[in-house]
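Asks: In our numbering, the protein residues as written are 1481 to 1580. Beta carbons are placed, not taken as given, at the ideal position from N, Cα and C, and that holds for glycine.
#1: Let me know if residue 1526 comes out buried or exposed under the rule of 16 or more other beta-carbons within 10 Å of its beta-carbon.
#2: Our contact map puts residue 1514 next to residue 1562 with C-beta atoms below 8 Å; I'd like the distance itself, whole angstroms only.
#3: Keeping to the same chain, check which residues put their C-beta closer than 8 Å to that of residue 1521; ignore five residues upstream and five downstream.
#4: Look at the alpha carbon of residue 1543 and the alpha carbon of residue 1537, and state the distance between them as a whole number of angstroms.
#5: Using alpha carbons as the reference points, say which of 1549, 1550, 1560 lies closest to residue 1518.
#6: Applying the 10 Å Cβ sphere with the 16-neighbour rule, what's the burial state of residue 1545?
#7: Just verifying my parser: in three-state terms, what is the DSSP assignment at residue 1533?
#8: Does the separation of the CB atoms of residue 1535 and residue 1512 fall below 8 Å?
#9: Can you tell me the Cβ-Cβ gap for residue 1567 and residue 1557, rounded? I've got them flagged as a contact below 8 Å.
Okay, here's the thing in structure tokens:
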């Protein structure tokens, strides 16, 4: 039952992203930029890099919410100075884009 509620919350977050008209086809989720994400992928070990690429593809396919992607990326901040820098700068972001 709890898993169903988690899935429902995730679907609502994705719907919220869609309501904002976010075209994900060839983009990266905020607060990241193409450059920041490219640097981060270079800094991460291969397993972490593959996980990030997989989640990015899921985000682009609207299977993963923007906030969920940010939360996922936060776990790699200790391994990537580029990711850590993004999260140090997120205090100025709107709450909807700030990672939990």
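Replies: In terms of the structure at hand:
#1: exposed
#2: Contact flag wrong, Cβ pair sits at about 12 Å.
#3: 1529, 1532, 1533
#4: 9 Å
#5: 1560
#6: buried
#7: helix
#8: no
#9: 5 Å
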